[in-house]
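Sequences listed follow chains H and Y, in order.
Be aware that the first sequence starts at 164, since it is given in our numbering, and climbs by one per residue.
Be aware that the second sequence starts at 164, since it is given in our numbering, and climbs by one per residue.
Cβ coordinates follow ideal geometry from the N, Cα and C atoms, glycine included.
The structure presented is a predicted model; accordingly, all values stated were derived computationally and were not measured.
Working notes, beginning with the structure itself.
2 protein chains.
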Amino acid sequence: MKSKLSLITLASILCSQLCLAQTNEPVNDWKPAPSNQQGKQYPQVNSEGRVKFRIMAPKAQTVSVSFRDSSPFTKGEDGAWVGYTRPLDEGFHYYTINIDGAEVPDPNSQFFYGSSRWGSAVEVPAKDADFYALKNVPHGQLREVNYFSQSGNTNRHAFIYTPPGYDRNPRKRYPVLYLQHGAGEDETGWGRQGYAGLIMDNLIAEGKAKPFIIAMEYGGNPFAGGPRPTNAAPAAAGATNNAVAGPGGRAFNFTAFEKALLEDFIPYVDANFRTYADQPHRAMAGLSMGGMQTRGITLAHLDTFSHIGVFSGGSIATTNITDMVAFKKKVKLVFVGYGSRELGANRSGGRGFGGDPKDNTAALKASGINAVFYESADTAHEWQSWRRSLYQFAPLLFKD
Amino acid sequence: MKSKLSLITLASILCSQLCLAQTNEPVNDWKPAPSNQQGKQYPQVNSEGRVKFRIMAPKAQTVSVSFRDSSPFTKGEDGAWVGYTRPLDEGFHYYTINIDGAEVPDPNSQFFYGSSRWGSAVEVPAKDADFYALKNVPHGQLREVNYFSQSGNTNRHAFIYTPPGYDRNPRKRYPVLYLQHGAGEDETGWGRQGYAGLIMDNLIAEGKAKPFIIAMEYGGNPFAGGPRPTNAAPAAAGATNNAVAGPGGRAFNFTAFEKALLEDFIPYVDANFRTYADQPHRAMAGLSMGGMQTRGITLAHLDTFSHIGVFSGGSIATTNITDMVAFKKKVKLVFVGYGSRELGANRSGGRGFGGDPKDNTAALKASGINAVFYESADTAHEWQSWRRSLYQFAPLLFKD
Numbered sequence: 164m165k166s167k168l169s170l171i172t173l174a175s176i177l178c179s180q181l182c183l184a185q186t187n188e189p190v191n192d193w194k195p196a197p198s199n200q201q202g203k204q205y206p207q208v209n210s211e212g213r214v215k216f217r218i219m220a221p222k223a224q225t226v227s228v229s230f231r232d233s234s235p236f237t238k239g240e241d242g243a244w245v246g247y248t249r250p251l252d253e254g255f256h257y258y259t260i261n262i263d264g265a266e267v268p269d270p271n272s273q274f275f276y277g278s279s280r281w282g283s284a285v286e287v288p289a290k291d292a293d294f295y296a297l298k299n300v301p302h303g304q305l306r307e308v309n310y311f312s313q314s315g316n317t318n319r320h321a322f323i324y325t326p327p328g329y330d331r332n333p334r335k336r337y338p339v340l341y342l343q344h345g346a347g348e349d350e351t352g353w354g355r356q357g358y359a360g361l362i363m364d365n366l367i368a369e370g371k372a373k374p375f376i377i378a379m380e381y382g383g384n385p386f387a388g389g390p391r392p393t394n395a396a397p398a399a400a401g402a403t404n405n406a407v408a409g410p411g412g413r414a415f416n417f418t419a420f421e422k423a424l425l426e427d428f429i430p431y432v433d434a435n436f437r438t439y440a441d442q443p444h445r446a447m448a449g450l451s452m453g454g455m456q457t458r459g460i461t462l463a464h465l466d467t468f469s470h471i472g473v474f475s476g477g478s479i480a481t482t483n484i485t486d487m488v489a490f491k492k493k494v495k496l497v498f499v500g501y502g503s504r505e506l507g508a509n510r511s512g513g514r515g516f517g518g519d520p521k522d523n524t525a526a527l528k529a530s531g532i533n534a535v536f537y538e539s540a541d542t543a544h545e546w547q548s549w550r551r552s553l554y555q556f557a558p559l560l561f562k563d
Numbered sequence: 164m165k166s167k168l169s170l171i172t173l174a175s176i177l178c179s180q181l182c183l184a185q186t187n188e189p190v191n192d193w194k195p196a197p198s199n200q201q202g203k204q205y206p207q208v209n210s211e212g213r214v215k216f217r218i219m220a221p222k223a224q225t226v227s228v229s230f231r232d233s234s235p236f237t238k239g240e241d242g243a244w245v246g247y248t249r250p251l252d253e254g255f256h257y258y259t260i261n262i263d264g265a266e267v268p269d270p271n272s273q274f275f276y277g278s279s280r281w282g283s284a285v286e287v288p289a290k291d292a293d294f295y296a297l298k299n300v301p302h303g304q305l306r307e308v309n310y311f312s313q314s315g316n317t318n319r320h321a322f323i324y325t326p327p328g329y330d331r332n333p334r335k336r337y338p339v340l341y342l343q344h345g346a347g348e349d350e351t352g353w354g355r356q357g358y359a360g361l362i363m364d365n366l367i368a369e370g371k372a373k374p375f376i377i378a379m380e381y382g383g384n385p386f387a388g389g390p391r392p393t394n395a396a397p398a399a400a401g402a403t404n405n406a407v408a409g410p411g412g413r414a415f416n417f418t419a420f421e422k423a424l425l426e427d428f429i430p431y432v433d434a435n436f437r438t439y440a441d442q443p444h445r446a447m448a449g450l451s452m453g454g455m456q457t458r459g460i461t462l463a464h465l466d467t468f469s470h471i472g473v474f475s476g477g478s479i480a481t482t483n484i485t486d487m488v489a490f491k492k493k494v495k496l497v498f499v500g501y502g503s504r505e506l507g508a509n510r511s512g513g514r515g516f517g518g519d520p521k522d523n524t525a526a527l528k529a530s531g532i533n534a535v536f537y538e539s540a541d542t543a544h545e546w547q548s549w550r551r552s553l554y555q556f557a558p559l560l561f562k563d
């Protein structure tokens, strides 16, 4: 009976995919996206993962969306333009609307920082969305903090996740994961579209991860120029604001961030939160550019970090390790995650970040290092890969 | 020498104002607004308080902005449309851009929740902006929290400001101010565009206010329909998310919020933060609709709140008080704030929120109640009035 049902299900999936490929007619089971603003009926998502937009623009001549291979938008008698995308991967996608040549955010979407701007994004509900669902479990807190960096003469801004129960026992101390965003993103990413807090709340509630603090700072943006805005009044004379980005340019030079992290942020976190301020209780991970930063910074500071996570940001080859004996002694975990669509048929993934990540990780493991490779099914260089990577990574941290 | 310079300054100000009135040519000292996204050169603000916009829309036929009496937008050869506003009041103003009939956020602006949507706003730097400037002083934390309301079967979402030093002494307890947003706004308003945290950090650093906790919940929105979005996955079965708004409509019925505040939020705050959980250490204040809620809820619960703040949301008349003896005994402060431009020449302010606020407050004072009226110079029903009101109100709280 069970296999019969499965066959029917399979047949119906195949049929629906083939029929669609022929007719290109979207399945008519649209529902408002969970990323919409309150009360907004559009964008809508259907069971194929297509997204349908509706933009009021009565006098416009053309309206389109930044997703490639989308349908043409057509204007109704009410002045609203409607169009839809190809089937998209499950998860979170940034986009813009184009109205007569103007690239603007969709006014129906909530806003997120990515692609070097605050703008719109759509959430295509994932089958495994339960692991970052908001549930009736004990919740941690996401704390927005400002602090002054003496070494950088800079006001800095960060988010700190404290696990459930943090305020209950004022003598209990916690390990810390330093968790970095990608290029074109900022310190809001992991707490907002990354759902880091909800992922941890759920893991901890199920007893799958130890409670730890997550510290999220701005790692700079090689694609964005100009100062970061702060509030209306000038800050302390001569001070800049999280001035890590520097003058822009694509140098991917992480020196300023490395300095800010080691000289300012880690000391700030250790002084202001109940951490175990030592190497065995300190992890670093990041996505894309943040993964590259993680690799570079941890390899140069093995006395500072014991657990390493690289999500879609390259991997660590045995040739990157200058002293294998010291590395084995100090590093308790190397975790490398990728979306399957980044790896491709020839497993050429890593986008030039340094060799085949799966092979590199297997070689580390063969060398006796606790190395784990994770492949997120049917996702690309996007947040669903990174949410899943964190979900896989967190339970492996601080196990002893 | 000093008076001579002042005369010259005065003459030059007068001249510039008169000349402008005649020629309508904006003063050419434009600077990027502090509310812009990182690296964005527009919108710009000049010394008159005009705001100039630049929107790339090469194929558009008309572009405009929602500020009344703005200049027509003209298109340059680069495809960018440029236009500017009349001189605006100092402070923070929501706006939208219209491109061929489409009302969209300005892609150059940071985004804020107001007017029942996440959208653009511009900060016209105020002469007194120093009181909410980000400075190198000890900072509190703005904590984003989720909790489950049993009585409402609702996931609720709030922000809690904890003052500098909160984590230092685990035995110290603090009073709490419950601080509400206006209609069309939400629990993000006071921490984001209201700068409540920076206002408190600065007041505390100067010894002008006692450290206290500020608790900010969603008070509902009579103008917004539909459920509030949460994350991608469904919440606990049957649960809604901060479902205070109800079905919409302009009923201004605060029963659901009153219940959520008293039965869920105050108990949550008292259980999870180190509060003095008693009437002498509990204040409530709010702006506009939040002021109306404050008036209604505090008057009905004088055993719960001892300090009352109503910002641009009406006032308390002696006729609102059923038992003056009990009121005098229980209420330590009634603070009423308004922007001067709301009060107008005939002091008809209060927008029908119940009598003349200045006269009402004077009558309270004459009755022996510690009642304070504050008028924010040259501001209207906007955030600069409410930032200033908080700045005036906070030092008066919990004085004994």
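Any chain H beta carbon closer than 8 Å to residue i
| i | result |
| --- | --- |
| R213 (chain Y) | no |
| W549 (chain Y) | no |
| I171 (chain Y) | For I171 (chain Y), the pLDDT reaches just 49, beneath the cut-off of 50, and the residue's location in the model is therefore unreliable, although a value from the coordinates is still provided. So, not an interface residue. |
| W546 (chain Y) | no |
| G297 (chain Y) | The question names Gly, yet the displayed sequence has Leu at residue 297 (chain Y). Closer than 8 Å to some Cβ of chain H, the Cβ of L297 (chain Y) qualifies, so yes. |
| Q123 (chain Y) | Because chain Y spans 164 through 563 in this model, residue 123 (chain Y) falls outside it and cannot be assessed. |
| N209 (chain Y) | no |
| F468 (chain Y) | no |
For residue i, the nearest candidate out of the options (CA to CA)
| i | options | result |
| --- | --- | --- |
| V497 (chain H) | H:G347, H:G370, H:T457 | H:T457 |
| G476 (chain Y) | Y:H344, Y:V285, Y:W353 | Y:H344 |
| G459 (chain Y) | Y:D427, Y:N191, Y:V432, Y:F417 | Y:F417 |
| G502 (chain Y) | Y:S478, Y:E545, Y:M219 | Y:E545 |
| Y431 (chain H) | H:V488, H:P385, H:Q313 | H:Q313 |
| A440 (chain H) | H:D252, H:A463, H:A540, H:S469 | H:S469 |
| A543 (chain H) | H:G254, H:S198, H:D486 | H:G254 |
| R336 (chain Y) | Y:G383, Y:T438, Y:Y258, Y:F236 | Y:T438 |
| L560 (chain H) | H:E426, H:F375, H:K492 | H:F375 |
| G242 (chain H) | Y:R249, Y:A265, Y:D364 | Y:A265 |
| R319 (chain H) | H:D192, H:G383, H:P268 | H:G383 |
| E350 (chain Y) | Y:F428, Y:W244, Y:P235, Y:E286 | Y:F428 |
| I484 (chain Y) | Y:N261, Y:A284, Y:L462 | Y:L462 |
Interface partners of residue i on chain Y, CB under 7 Å
| i | result |
| --- | --- |
| F420 (chain H) | Those within 7 Å of F420 (chain H) in chain Y number zero; the least Cβ separation is about 16 Å. |
| F274 (chain H) | F274, W281 |
Residue-chain proximity (residue i, chain Y), Cβ-Cβ < 8 Å
| i | result |
| --- | --- |
| A399 (chain H) | Low local confidence applies: a pLDDT of 40 at A399 (chain H) is under 50, so the model's placement there is unreliable, with the coordinate-based value given in what follows. It does: the Cβ of A399 (chain H) has a partner Cβ on chain Y nearer than 8 Å. |
| H335 (chain H) | It should be pointed out that residue 335 (chain H) corresponds to Lys in this sequence rather than to His. Chain Y, which has no Cβ nearer than 8 Å to the Cβ of K335 (chain H), makes this no. |
| R391 (chain H) | yes |
| Y310 (chain H) | yes |
| K222 (chain H) | yes |
| S198 (chain H) | yes |
| N158 (chain H) | Missing from the structure shown is residue 158 (chain H); chain H here goes from 164 to 563 and no further. |
| A387 (chain H) | yes |
| N628 (chain H) | Summary: the structure shown does not reach residue 628 (chain H), with chain H confined to residues 164 through 563, and so no result is reported for it. |
Where residue i meets chain Y, residues with beta-carbon distance less than 9 Å
| i | result |
| --- | --- |
| M219 (chain H) | G264, A265, E266 |
Contact list for residue i against chain H, beta-carbon separation under 8 Å
| i | result |
| --- | --- |
| R306 (chain Y) | Q304, L305, R306, E307 |
| G352 (chain Y) | Under the 8 Å cutoff, chain H gives no residues; its nearest Cβ is about 14 Å from G352 (chain Y). |
| G357 (chain Y) | By Cβ distance, chain H contributes nothing, its closest Cβ being about 11 Å from G357 (chain Y), past 8 Å. |
C-beta contact flag for residue i and residue j at 8 Å
| i | j | result |
| --- | --- | --- |
| G282 (chain Y) | F274 (chain Y) | yes |
| I532 (chain H) | V494 (chain H) | yes |
| P327 (chain H) | G360 (chain H) | no |
| V300 (chain H) | A372 (chain H) | no |
| R334 (chain H) | F322 (chain H) | no |
Partners in chain H for residue i, counting only beta-carbon separations shorter than 9 Å
| i | result |
| --- | --- |
| P270 (chain Y) | T259, A265, E266, V267, P268, R280, W281, G282 |
| F216 (chain Y) | Result: empty, since nearest Cβ-Cβ is about 12 Å, beyond 9 Å. |
Neighbour list for residue i in chain Y, Cβ cutoff strictly below 8 Å
| i | result |
| --- | --- |
| T225 (chain H) | K222 |
Within chain H, the residues that residue i reaches when beta carbons sit closer than 7 Å
| i | result |
| --- | --- |
| G242 (chain Y) | G264 |
Those runs of the beta strand (DSSP E) which lie wholly inside the region 462-491 of chain H and span at least 3 residues: Counting only runs of at least 3 residues, the region 462-491 of chain H fully encloses the following beta strand (DSSP E) elements, listed from N- to C-terminal order: 470-474.
Inside the region 346-379 of chain H only - beta strand (DSSP E) runs reaching at least 3 residues: 376-379
Whole runs of the beta strand (DSSP E) within the region 254-317 of chain H, excluding any shorter than 3 residues: 254-258, 260-262, 265-267, 274-277, 280-287, 304-312
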